[in-house]
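Notes follow once the structure below has been shown.
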Amino acid sequence: MTSIDGRYEVRVGLASCSIAAGASRVFRALDEAGAAPHTTGCVGMCYAEPLIEVIGPDGQHVWYGHVEESDVQRIVTNHLIQGEVVADLQVERPDGQVRFALRNCGIVDPEDIASYIELGGYAGLQRALSMPPEAVIADIQDAGLRGRGGAGFPTHKKWDLAREAVGDQKYVVCNADEGDPGAFMDRSILESDPHSVIEGMMIAGYAIGASIGYVYVRAEYPLAIKRLRRAITQTQESEYLGRLAAESGFHFAVSIREGAGAFVCGEETALLMSIEGKRGMPRFRPPYPAEKGLFDCPTVINNVETLANVPRIMNDGPESFSAFGTERSRGTKVFSLAGKVQRGGLVEIPMGTTVNDMVFAIGGGISSGKAFKAVQTGGPSGGCIPAHLGDTPVDYESLAAIGAIMGSGGLLVMDADTCMVDVARYFLSFARDESCGKCTFCRVGTEQMLRILTRITEGRGEMRDLEILEDLGAKIQGGSLCGLGQTVPNPVLTTLRFFRDEYEAHIQGRHCPAKQCKALIEYQILDDACRGCTLCEKACPVEAISGERGETYTIDQDRCIRCGLCLSSCRFDAIALYSEPKTNSLEVAK
Amino acid sequence: METMTPDVLVAVDEIIERHRETPGPSIPMLQALQETFGYVAPEFLQRIAAATGIPASDLFSIVTFYAQFRLEPLGRHHIQVCHGTACHLAGAERITEALEYATGTKCGCTSDDREFTIEKVACVGCCSLAPVVSVDEEVHGRLTSDDVSALVKELRKQGSEMTP
Ligand SMILES: Cc1cc2nc3c(=O)[nH]c(=O)nc-3n(C[C@H](O)[C@H](O)[C@H](O)COP(=O)(O)O)c2cc1C
Ligand code: FES
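The listed protein sequences derive, respectively, from chains A and B. Every letter in the first sequence is one number past the one before it in the numbering used here, and letter 569, counting from 1, is 987. Every letter in the second sequence is one number past the one before it in the numbering used here, and letter 92, counting from 1, is 97.
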């Protein structure tokens, strides 16, 4: 065989992270080579982007990872023409996953409603429209669907409340604010399969009697907004949906609101304020949004992933969802796996999968080869789970039992090089910046906790600071109106509980075991490795490095500002980082 | 700075008109203005207030509450350093410092020559590529301090080629 004959289907994922990794260039190269590639969204193997997927006539899927433009011709010639897999570029898709919310991600063309409909799209809506709204809600109840935005509130209860509430106008709001800084599940779903979210909103609208929907999406996600916008236009133009609307009398219009960069606007009452054009300040509940929400009308607010699950539950029946998971946490959960893990990306697991399985079986273990220290779930509201609790099942109840939370799905893996005090300080600084300022404990308390943590990371802490942190944390939790203040002490409290020794090392030994805290580390040039190439001297912005070309260079520790530019400029691994307990003499071990 | 030239006024009024009927119009209006002009000039707030009756103080409270809004124009290159969790673990602070040295300006500011504005952002959603910096909307991932210094040099070079 000498030409491409269309036996193979070729797909290239074009989501934000793939594009950043260079997938558009790969797509173009494939197109120019005559491979007729299809655009799709995120397949979840973000670590291996850019990715090409080739599907053979026998239905066999082959993934090529880390593909460069220069690899494209080889894939075309060897695989598409001669039928031989290019083994050295092949990557395996990690198993142990169940794709329910992500069923179409990486398969459907996110910019084409026909592609979605072909895969069974809008059939869930059609089925819902043939049932009484109460029966739709009953199906969601039987499925056991709970909110994926973090709190895990049963979805059917919310819908039921909003259905019962009186009001001429009702709203469905999709929460796509995705505030957890380190999570990208909702972005990926919107970029890869926007119609599933819109269909979910329509079904919710039918169930509660709403005709207007808003998607509140972060402005930092331009591609998600673009695809969503296009998808909305397509739903307005679709003949199929037009016919459904005419037959059923159910009309639903969706518009987009861009979030303007405030974490607290992920909180539902603040989000509604923001759509109304005000500062996003949470208010007291009750009344719940389901009774009195957007513009004072009954409103259902659901997370992107919650809504993406709905069409398939409607189409395939509640058992298709409830078959997975644990007794009280049904179904699957999408996580964005990132940090010090080999195979970071978007994964969907049945509830009850253990932390260890996620890090090792799916994530492929620690990227640095160093020891696995902890995972962090739930971002600024969540907690750190230490490696020794790695057999904890991931479900709402088990995570809560160890002081962590499910969160919206961010899962950050940490290794021996991660300083837990620094992690706690990082989240607290985020919380301090993002507190809306309404409650005193949250506004002032986070500032005080941050000052103490900063002091500790600079080697100026005292042992009694640890008790003050615990006391303040509990008071902020108790004295705050909304979920932000009630949860942001968690990263500090859980690290104090599981990694107290690291705090003590910073305070008593004035050193940072993970060698991260700037005030407690030193860069040194290694005698035997330095070739005297002058690169570090040139890189140093404060002229702290000196020496003769060809000889070993030295760093003036008093001048050094510990920016690390020398380390990243060195081509010979001749610069090392040290942090030694200050009680000992400065005897440097390697 | 001469902000409210007749052309600007026409464009501003046009944006205000376009969003007048939107429920809760203030944020979409301000976003559209920033999208068009790169920032929200204080004069814009007066203009919206006069046209819609929304008090200028309310508008100012919105602009200062939400991180997205900028009250000053951007430099020629807009550099956003991700400080999300994954990027923090991967050394976002060092990347920021390297950028500060290379551009000669602090994060949150615009350089004196108006070439660079550096901002801190929370997660741009490309955590697997951490640490991540977005330059003029294009995302660069897996960066070292060395890479960002080189990137800034490259941008400067482009700039000097463009303006002879
Ligand atoms: C500070 C704070 C931030 C939140 N951020 C988000 C978010 O980014 N995305 C989200 O879906 N829910 C977020 N929530 C939860 C929402 O308030 C709300 O519970 C959720 O959107 C309901 O949808 P669900 O029932 O489908 O989970 C946040 C809550 C708090 C207190
Ligand atoms: S943490 Fe930087 S892209 Fe997500």
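A virtual CB, placed ideally from N, CA and C, is assigned to each residue, including glycine.
In summary, residue 425(A) is exposed, with fewer than 16 beta-carbon neighbours lying within 10 Å of its beta-carbon over all protein chains present. Secondary structure of residue 603(A) (DSSP, three-state): helix.
One thing to note: residue 825(A) has its Cβ no nearer than 7 Å to the Cβ of residue 912(A). Chain B places a beta carbon closer than 7 Å to that of residue 697(A), counting this residue as a contact. In chain order, 637, 676 and 678 make up the part of chain A whose C-beta sits under 9 Å from the C-beta of residue 36(B).
Distance from residue 811(A) to residue 836(A) at the Cβ level is roughly 24 Å; contact not present, criterion being Cβ atoms closer than 8 Å. Our two residues, residue 575(A) and residue 544(A), have alpha carbons roughly 23 Å apart in a direct line.
Under the three-state reduction of DSSP output, residue 643(A) falls in the helix class. Looking at 559(A), 624(A), 796(A) and 645(A), the one whose alpha-carbon comes closest to that of residue 662(A) is 624(A). Under DSSP, residue 942(A) shares a beta bridge with 994(A). A residue is called buried when at least 16 other Cβ atoms come within 10 angstroms of its Cβ; residue 990(A) does not meet this threshold and is exposed. Closer than 7 Å to the CB of residue 10(B) there is not a single CB belonging to chain A. Residue 594(A) sits in a strand when the DSSP states are folded into three classes. Per DSSP, residue 727(A) is one residue of the alpha helix (DSSP H) stretching across 722–734. For ligand 1, a non-hydrogen atom lies closer than 6 Å to the CB of residue 724(A). Residues of chain B with a Cβ closer than 8 Å to the Cβ of residue 836(A) are, in chain order, 94. Taking a beta-carbon distance threshold of 7 Å, residue 465(A) counts as an interface residue toward chain B. Per DSSP, residue 515(A) lies in no alpha helix (DSSP H) segment and is marked neither H nor E. Listed in chain order, the alpha helix (DSSP H) elements of length 4 or more contained wholly in the region 616–687 of chain A are 640–655 and 657–666. Distance check between residue 133(B) and each of 591(A), 440(A), 590(A) and 466(A) places 466(A) closest, using alpha-carbon atoms only.
Between the region 523–532 of chain A and the region 453–467 of chain A, the count of Cβ pairs shorter than 8 Å is three or higher; the stretches touch. Using a 10 angstroms sphere on the CB of residue 791(A), the tally of other CB atoms reaches 16 or more, which defines it as buried. According to the DSSP secondary-structure assignment, residue 756(A) is paired through a beta bridge with 830(A). Residue nearest to residue 63(B) within the set 139(B), 31(B), 155(B) and 85(B) is 31(B) (criterion: CA-CA distance). At a cut-off of 7 Å between beta-carbon atoms, residue 599(A) makes contact with chain B.
Taking 8 Å as the Cβ-Cβ cut-off, the region 65–80 of chain B approaches chain A at 66, 67, 70, 71, 72, 73 and 74, given in chain order. Under the three-state reduction of DSSP, residue 696(A) is assigned to coil, being neither helix nor strand. When rounded, the separation of the alpha-carbon atoms in residue 91(B) and residue 154(B) is 21 Å. The way I'd put it, the region 939–957 of chain A does touch the region 976–984 of chain A; three or more beta-carbon pairs between them come closer than 8 Å. Residue-level contact by beta carbon holds for residue 134(B) and chain A, with a gap shorter than 7 Å.
As the crow flies, the alpha-carbon of residue 146(B) is around 17 Å from that of residue 444(A). At a C-beta separation below 7 Å, residue 155(B) has no neighbours in chain A, since its nearest C-beta there lies roughly 10 Å away. Contacts with chain A (Cβ-Cβ distance below 9 Å) from the region 112–133 of chain B involve 126, 127, 128, 129, 130, 131, 132 and 133, listed in chain order. In this structure, residue 739(A) keeps its C-beta atom at 7 Å or more from the C-beta atom of residue 516(A). Residue ranges of uninterrupted alpha helix (DSSP H) with 4 or more members, entirely inside the region 810–856 of chain A and ordered along the chain, are 814–819 and 838–852.
For chain A, the residues of the region 94–108 of chain B that bring a beta carbon within less than 7 Å of one of its beta carbons are 94, 99, 102, 103 and 106, in chain order.
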